[in-house]
Amino acid sequence: MTDREKYKKTFSALEPERDYLEKITNAEVIKMKERKHVSIPKLIAACVAVVAILAAMTAGAYAADLGGIQRKIQIWTKGELTDAELNITTDGSSSEYTLSYTDENGETRKSEGGGIAYDFFGRERALTEDEIIEHLNEPQVVPEDDGRIMLYCRDQKMDLTDKFEDGVCYVKLTVDGKPLYITVTKEGDHGCSMSTSPRSYPKPAK
Amino acid sequence: MRLPTETVIEKYKQNLYAAAFSVCRSPEDSEDAVQDAFIKYHTSVKEFETEEHLRAWLIRITVNRAKDIASSYRRRNSVPLEEYTASVPFETREESELFTAVMSLGEKYRTVIHLFYYEDYKIEEIAEILGKSPGAVKSRLSRARQQLKEMLKEEWNND
Numbered sequence: 007m008t009d010r011e012k013y014k015k016t017f018s019a020l021e022p023e024r025d026y027l028e029k030i031t032n033a034e035v036i037k038m039k040e041r042k043h044v045s046i047p048k049l050i051a052a053c054v055a056v057v058a059i060l061a062a063m064t065a066g067a068y069a070a071d072l073g074g075i076q077r078k079i080q081i082w083t084k085g086e087l088t089d090a091e092l093n094i095t096t097d098g099s100s101s102e103y104t105l106s107y108t109d110e111n112g113e114t115r116k117s118e119g120g121g122i123a124y125d126f127f128g129r130e131r132a133l134t135e136d137e138i139i140e141h142l143n144e145p146q147v148v149p150e151d152d153g154r155i156m157l158y159c160r161d162q163k164m165d166l167t168d169k170f171e172d173g174v175c176y177v178k179l180t181v182d183g184k185p186l187y188i189t190v191t192k193e194g195d196h197g198c199s200m201s202t203s204p205r206s207y208p209k210p211a212k
Numbered sequence: 487m488r489l490p491t492e493t494v495i496e497k498y499k500q501n502l503y504a505a506a507f508s509v510c511r512s513p514e515d516s517e518d519a520v521q522d523a524f525i526k527y528h529t530s531v532k533e534f535e536t537e538e539h540l541r542a543w544l545i546r547i548t549v550n551r552a553k554d555i556a557s558s559y560r561r562r563n564s565v566p567l568e569e570y571t572a573s574v575p576f577e578t579r580e581e582s583e584l585f586t587a588v589m590s591l592g593e594k595y596r597t598v599i600h601l602f603y604y605e606d607y608k609i610e611e612i613a614e615i616l617g618k619s620p621g622a623v624k625s626r627l628s629r630a631r632q633q634l635k636e637m638l639k640e641e642w643n644n645d
């Protein structure tokens, strides 16, 4: 018998006793797609409004076919509570949404995204409306047109531009009385990625 | 790709436990390390390129977590190693002696030798998992084999 065979036979006798499945049965994972922002210039905003009215006329049939939900909600955008319209479509196992609102300059802004939730057994389900709204109010890092990199979290704003070292910035916020550790990593010339954790600073993205 | 957590637990729990034990030398600490690794998998949104990629990720998470636990103040380590060794259903005296010999090695040697002999990883792969240079891994592996040979004599061939 080779050393490797002896070693394998020896260590295969070690058996864990714990029921790992039971320990994490109630946990649930939510996967969100990246939130994409689409700016709609003022000039075509009027056209969009017309299209929106036409779309609203057929909204019932649309919702019935695709499991669509349309809501007037308030979300935090750049530190301000803002009225927005949220449209959610689901196909049973995934959700897609579009969010439109008017920004501080009077421009109509549109974001798109979606995601999937996995239950413990790996089965996919569509995200609920509450989960999507929660996602929309998560902290955001926004590279502004003037070159600044801003962090927004509900009513909190922070200019991160000069806080990066070797392309990484660490920020601790307090949200609902609890700490939130945020790691922001620069990606390329203008992009940033962000990770959050309630316990400690996440590792920077590679 | 991702596998359901239930499948991952069933498929990898023994290997991860053995890997954690090679670091912690404690059943309870090893169980904690493995549990944390499974929770990390379950709550992660990470996509894996292949199942081999998933396996390497799980082992890396488990080994790192086991190292953290082994060096922490709140380490439980409630069952003496000798007592635990006596409770493992080894089939032969040689197996028990090999286990005892491996456990007597330093942690950095145990981990490398376990990944090499039990998980069949190559030196470069072990280096990547542990975040060490291939040269350091090669040196540790050589030193660990040498120590095992000294302890086990003809029962260890260094093959």
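In order, the protein sequence lines correspond to chains W and E. In my numbering, each residue's number is its place in the first sequence (first place is 1) plus 6. In my numbering, each residue's number is its place in the second sequence (first place is 1) plus 486. Every residue, glycine too, gets a C-beta built ideally from N, C-alpha and C.
> Should the stretch 504-512 of chain E be regarded as contacting the stretch 189-204 of chain W, the criterion being three or more beta carbon pairs within less than 8 Å?
Replying inline: no
> Run through DSSP, which three-state label would S203 of chain W get?
Replying inline: As a first step, residue 203 of chain W must be located in the first sequence, where it is residue number 197. S203 of chain W: strand per DSSP, three-state reduction.
> Name the residues in the stretch 527-550 of chain E whose C-beta lies less than 8 Å from a C-beta of chain W; which are they?
Replying inline: H528, T529, S530, V531
> Should S558 of chain E be flagged as near chain W, meaning a C-beta pair shorter than 9 Å?
Replying inline: Taking the first residue of the second sequence as 1, we reach residue 558 of chain E at position 72. Chain W contact via Cβ: absent.
> Does DSSP classify A613 of chain E as helix, strand or coil?
Replying inline: Along the second sequence, read from residue 1 onward, the residue named residue 613 of chain E stands at position 127. DSSP places A613 of chain E in helix when its eight states are reduced to three.
> For the stretch 7-29 of chain W, which residues have a CB atom closer than 8 Å to at least one CB atom of chain E, in sequence order?
Replying inline: T8, D9, R10, K12, Y13, K14, K15, T16, F17, S18, A19, L20, E21, P22, E23, R24, Y26, L27, K29
> Does the beta-carbon distance from D9 of chain W to D645 of chain E come in below 9 Å?
Replying inline: Translated into the one-based positions of the first sequence, residue 9 of chain W becomes position 3. Translated into the one-based positions of the second sequence, residue 645 of chain E becomes position 159. Yes, they are a contact pair.
> Shortest alpha-carbon distance to R205 of chain W belongs to which of W:D25, W:I139, W:K178?
Replying inline: Numbered from 1 along the first sequence, position 199 holds the residue referred to as residue 205 of chain W. Among W:D25, W:I139, W:K178, the Cα nearest to that of R205 of chain W belongs to W:K178.
> Shortest alpha-carbon distance to D97 of chain W belongs to which of W:L133, W:W82, W:K78?
Replying inline: Reading the first sequence from its first residue, position 91 is the one you call residue 97 of chain W. Looking at the Cα atoms, W:L133 is the closest of the given residues.
>> Could you tell me the alpha carbon to alpha carbon distance between L20 of chain W and M589 of chain E, rounded to whole angstroms?
In response: For the purposes of this step, residue 20 of chain W is taken as the residue at position 14 of the first sequence. For the purposes of this step, residue 589 of chain E is taken as the residue at position 103 of the second sequence. Cα to Cα, the separation comes out at about 13 Å.
> Is M164 of chain W helix, strand or coil when you go by DSSP?
Replying inline: As a working note, residue 164 of chain W is residue 158 in the first sequence. Strand.
>> So, with DSSP's three-state summary, where would you put W543 of chain E?
In response: Locating residue 543 of chain E in the second sequence gives position 57, where the first residue counts as 1. Three-state DSSP puts W543 of chain E in a helix.
>> On the CB-based measure, 16 or more other CB atoms within 10 Å of its CB, does K184 of chain W come out buried or exposed?
In response: Reading the first sequence from its first residue, position 178 is the one you call residue 184 of chain W. Looking at its Cβ environment, which holds fewer than 16 other Cβ atoms inside 10 Å, K184 of chain W is exposed.
> Name the chain W residues whose beta carbon is nearer than 8 Å to that of P566 of chain E?
Replying inline: Counting from one through the second sequence, the residue named residue 566 of chain E turns up at place 80. Simply none; closest approach about 16 Å.
> At which residues does the beta strand (DSSP E) containing T586 of chain E begin and terminate?
Replying inline: Within the second sequence, numbered from 1, the residue matching residue 586 of chain E stands at position 100. Premise fails: T586 of chain E lies in the alpha helix (DSSP H), 579-590, not in any beta strand (DSSP E).
> Mind checking if T491 of chain E is an interface residue toward chain W, Cβ cutoff 9 Å exclusive?
Replying inline: Here the question's residue 491 of chain E lines up with position 5 in the second sequence. Yes, its Cβ sits closer than 9 Å to a Cβ of chain W.
> What does I495 of chain E reach in chain W if we use C-beta pairs closer than 9 Å?
Replying inline: Along the second sequence, one-based indexing puts residue 495 of chain E at 9. Within 9 Å Cβ-Cβ: Y26, L27, I30.
>> If distances are taken between C-alpha atoms only, which option among W:G120, W:I122, W:Y176, W:P149 comes closest to Y207 of chain W?
In response: Within the first sequence, residue 207 of chain W is the residue found at index 201, counting from 1. The candidate whose alpha carbon is nearest that of Y207 of chain W is W:Y176.
> Within 10 angstroms of its Cβ, does R579 of chain E collect 16 or more other Cβ (buried), or is it exposed?
Replying inline: Here residue 579 of chain E corresponds to residue number 93 of the second sequence, with the count starting at 1. Burial call: exposed.
> From this set, E:L567, E:T493, E:R511, E:E496, which residue's C-alpha is nearest Y595 of chain E's C-alpha?
Replying inline: As a working mapping, residue 595 of chain E is identified with position 109 in the second sequence. Checked all of E:L567, E:T493, E:R511, E:E496; the closest Cα to Y595 of chain E is E:R511.
> Would you call R154 of chain W buried or exposed, if buried means 16 or more other Cβ atoms sit within 10 Å of its Cβ?
Replying inline: Looking up residue 154 of chain W in the first sequence gives position 148. So R154 of chain W ends up on the exposed side.
>> Under 9 Å, Cβ to Cβ, is there at least one residue of chain W near K499 of chain E?
In response: To locate residue 499 of chain E, count along the second sequence from 1; it is residue 13. Closer than 9 Å to some Cβ of chain W, the Cβ of K499 of chain E qualifies, so yes.
> Looking only at its own chain, which residues have a Cβ that is under 7 Å from the Cβ of G85 of chain W, when we skip the five neighbours before and after it?
Replying inline: Along the first sequence, read from residue 1 onward, the residue named residue 85 of chain W stands at position 79. Only Y158, D161, Q162, K163 meet the Cβ criterion.
>> Does L20 of chain W come out as helix, strand or coil in the three-state DSSP assignment?
In response: In the first sequence, the residue the question calls residue 20 of chain W occupies position 14. It is coil, neither helix nor strand.
>> Just verifying my parser: in three-state terms, what is the DSSP assignment at M156 of chain W?
In response: Translated into the one-based positions of the first sequence, residue 156 of chain W becomes position 150. DSSP places M156 of chain W in strand when its eight states are reduced to three.
> Which whole-angstrom value describes the C-beta separation of A613 of chain E and V623 of chain E, a residue pair presumed to lie in contact below a C-beta threshold of 8 Å?
Replying inline: In the second sequence, the residue the question calls residue 613 of chain E occupies position 127. In the second sequence, the residue the question calls residue 623 of chain E occupies position 137. Their Cβ separation, rounded to whole angstroms, is 5 Å, which keeps A613 of chain E and V623 of chain E in contact under 8 Å.
> Quick one, which of E:K499, E:Y527, E:D518 has its alpha-carbon nearest L489 of chain E's?
Replying inline: Position 3 of the second sequence, counted from the start, is the residue given in the question as residue 489 of chain E. For the residues E:K499, E:Y527, E:D518, the minimum Cα distance to L489 of chain E belongs to E:Y527.
> Roughly how many angstroms lie between the CA atoms of E91 of chain W and W82 of chain W, to the nearest whole one?
Replying inline: Your numbering for residue 91 of chain W matches position 85 in the first sequence. Your numbering for residue 82 of chain W matches position 76 in the first sequence. Approximately 13 Å, taken between the alpha carbons.
>> Run through chain W and tell me which residues come within less than 9 Å of D645 of chain E, C-beta to C-beta.
In response: Indexing the second sequence from 1 puts residue 645 of chain E at position 159. Within chain W, the residues near D645 of chain E are T8, D9, R10.
> Hey, is D606 of chain E's beta-carbon within less than 9 Å of any beta-carbon in chain W?
Replying inline: Taking the second sequence and counting its residues from 1, the one referred to as residue 606 of chain E is at position 120. Chain W, which has a Cβ nearer than 9 Å to the Cβ of D606 of chain E, makes this yes.
>> On the criterion of 16 or more Cβ atoms from any shown chain inside 10 Å, does S557 of chain E qualify as buried, or is it exposed?
In response: The residue labelled residue 557 of chain E in the question sits at position 71 within the second sequence. Looking at its Cβ environment, which holds fewer than 16 other Cβ atoms inside 10 Å, S557 of chain E is exposed.
>> Using DSSP's beta-bridge definition, name the partner residues of S101 of chain W.
In response: Indexing the first sequence from 1 puts residue 101 of chain W at position 95. Paired residues: W:T96, W:G121.
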